[in-house]
Structures are given as structure tokens and as C-alpha cells.
Amino acid sequence: MLGSLSDADDALQEAWLRMSRSDLAEVENLAGWMTTVVARVSLNLLRARRGRREEPLESRLPDPILSSAGGTDPEQEALLADSVGLAMLVVLDRLAPAERVAFVLHDMFAVPFEELAAITGRTPTAARQLASRARRRVRGAPTPDRDRARQRAVVDAFAAAAQRGDFEALVGVLDPDVVLRSDGGAARPEESVIVRGVRAVADRARLFAPLTAYARPVLVNGAIGAIVVTDQGPFALLGFTVSGGRITEIDVLADPDRLSALTLP
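For the sequence shown, the tail end lands on 286 under the working numbering, and the numbers increase by one without skipping.
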């Protein structure tokens, strides 16, 4: 819903406070009541964020969720299978707050439009239209390959080609319409760029060659990724979206402040 770990914590704490102040004996459907409270708090946070945000939306990546690349814990595997990838979160960040809430609650959690109407302050028909508009935009997001081993093979081929400086091999593993997003934050504004197209992304990828020796495999929101850790600490986090056997999106978090706050697996 929020794409921000700190905002998610704030939303849950606010919902818990409201719950502690309420007479739950009068609540017929506790799960529905909590869904409504958390959704309304999230909607307020999204509106406040949009009102105060100064940096371009495209230059900022949502908070990533990291886990071990070799994890076999069944509970963790189940969570990863249901996780929302970075590419999807980037698309959700482009939606208006009410559209995002309507899409997430209806399409991901099957909340009826009548309940969405009460949450968003719209009619059921208007709530349906919110979800429909959001759905049309989300359909443009690439659908990642489900086979993680296949994802890893493609990303490994990308890393090997980058290390060799093999331009043609890089082009071979990148989708023609590949997009690379890099978020350097306030500390590295020169790193906040968006690069589109296979040749432009391949050119930039060759710049990563000296860093490949410091890269370690991780899962980023359930998909294959890598974190570059030098003697000074985390330097960059890369998340890959692999679709149809090629890399369609690369998301690079290079903001030192946000990297230092990550919980590394």
C-alpha cells in the first residue's frame, strides 16, 4: 500500500492506537474494521506524502525488502511468493492515492466496492472507476518470470557480460525496451537517473564492471538481486525484473542514507 517501511510502521501503530481506544465489543467484523482503519490511515499518509514531496517521483525507489538468496525456510518462501516486486511498487507510486488504495484493496485483497466507497469517501461506482483506472496503468508493468533459477541464470549472464565489458552479450540479455532507474537520494543526486533502451542501459551497465567483485546475491522483494558491499559498507542495491528470459527493468538504490538503514540478510 505504501512502499515505505517507516510509513507502514506508522500506519500500523496509528491503527493499533485507534483500536486500543475503541470499544471492540460493538465491532461485528473485527477484520473488516481493522482493514478500514489501516486503509484510511494509509490513504492519509499517501496524500500527505504527495503534498510534501519535492523530488521527482520517478527518481525515488520504494523501500526494498531483502532476504537471503539461498533461503529455504518455508514460511519465508511463502512470504516471498506473495511479495510485490519493485517494478510493481514503482507503478503503484505513480497512482493517485485513492487509486492506489482502491487497486490494492480490491485487486489484491478482494475488498468489495461498497466497502471501498466508505474508505475513500466515494460512491461504489466511483470506487469501481478508481480501481479500473489503476488497473489499466498497472497492466503496463512487466510480469516477472516465476522461475527463480531462470531469473538467476539471466542475471548471472548480465553480470558476466558487464565484467567482461562485452557490449553485445549485454544487449543479448536485455529487453529492447529495458528501463534502468537509479536513486541516489540527496547525498548522490548525480546518481538519480532513468535510462531507457537496450543500448543506453548496456552502456551504463559496463560502468558496473569494477564493482562486480563486491556484489553478493540477495532476493529483492522476492526477485533476484545483488548488493554491492565494499570495505566502507553497502554501496548499491540492484533489483532485477526478468520477463520472458530477458531483463526488462533494473532498479538501483544508491542512496547511502537508505542503504545504511537496510537490514542485510
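Ideal Cβ positions, reconstructed from N, Cα and C, are used throughout, including at glycine.
Using DSSP with H/G/I as helix, E/B as strand and the rest coil, what is D204?
-> Three-state DSSP puts D204 in a strand.
Looking only at DSSP bridge pairs, what is S41 linked to?
-> None, per the DSSP bridge assignment.
Could you check how far apart the C-beta atoms of V239 and S88 are, in whole angstroms? I think they sit under 8 Å.
-> 7 Å
Which of the three DSSP states, helix, strand or coil, is assigned to E49?
-> coil
DSSP beta-bridge partners for V239?
-> S89, G246
A131 - containing beta strand (DSSP E), residue span = Run containing A131: none; DSSP gives neither H nor E here.
Tell me, please, which residues DSSP counts as bridged to D272.
-> Its beta-bridge partners are R202, G260.
On the three-state DSSP scale, how would you describe T251?
-> strand
Please say whether P85 and L258 have beta carbons closer to each other than 8 Å?
-> yes
Please report the residue range of the alpha helix (DSSP H) in which D219 lies.
-> The question names Asp, but residue 219 is Val in the sequence shown. Segment 219 to 226, the alpha helix (DSSP H) holding V219.
Close-in-space but distant-in-sequence residues of the same chain around D278 (CB under 7 Å, 5 per side omitted) = G206, A208
Counting only the same chain and skipping the five closest in sequence on each side, list residues whose C-beta sits under 7 Å from that of E75.
-> In this prediction, E75 has a pLDDT of 48, which is less than 50 and means its spatial position is unreliable; nothing more can be read from the coordinates.
C-beta atoms of F229 and A183 nearer than 8 Å = yes
Measuring CB to CB, does R237 end up less than 8 Å from V175?
-> no
Quick one: any contact between the segment 241 to 248 and the segment 164 to 173, if contact means 3 or more CB pairs under 8 Å?
-> yes
Look at the alpha carbon of T57 and the alpha carbon of E136, and state the distance between them as a whole number of angstroms.
-> 8 Å
Tell me whether R121 is buried or exposed, calling it buried when 16 or more other Cβ atoms sit within 10 Å of its Cβ.
-> buried
Using the rule of at least 16 other Cβ atoms within 10 Å of the residue's Cβ for burial, across every protein chain shown, is L51 buried or exposed?
-> exposed
Classification of S203 by the beta-carbon crowding that lies within 10 angstroms, buried from 16 upward = buried
Is G265 closer than 8 Å to V241 when the C-beta atoms are compared?
-> No, they are not a contact pair.
Would you tell me roughly how many angstroms separate the C-alpha atoms of F134 and V62, rounded to the nearest one?
-> The C-alpha of V62 is placed about 18 Å away from the C-alpha of F134.
Counting along the chain, where does the alpha helix (DSSP H) carrying G193 start and finish?
-> 188 to 194
Under a Cβ-count criterion, where at least 16 other Cβ atoms within 10 Å of its own Cβ denotes burial, should G106 be classed as buried or exposed?
-> buried
Within its chain, find whatever has a CB closer than 6 Å to the CB of A119; leave out the 5 residues flanking it on each side and keep chain order.
-> Within the same chain, A119 has close Cβ partners T141, L151.
Would you list the residues sitting across from R267 in a DSSP beta bridge?
-> For R267, which the question treats as bridged, DSSP gives the partners S264.
DSSP state of V214, grouped into three classes?
-> strand
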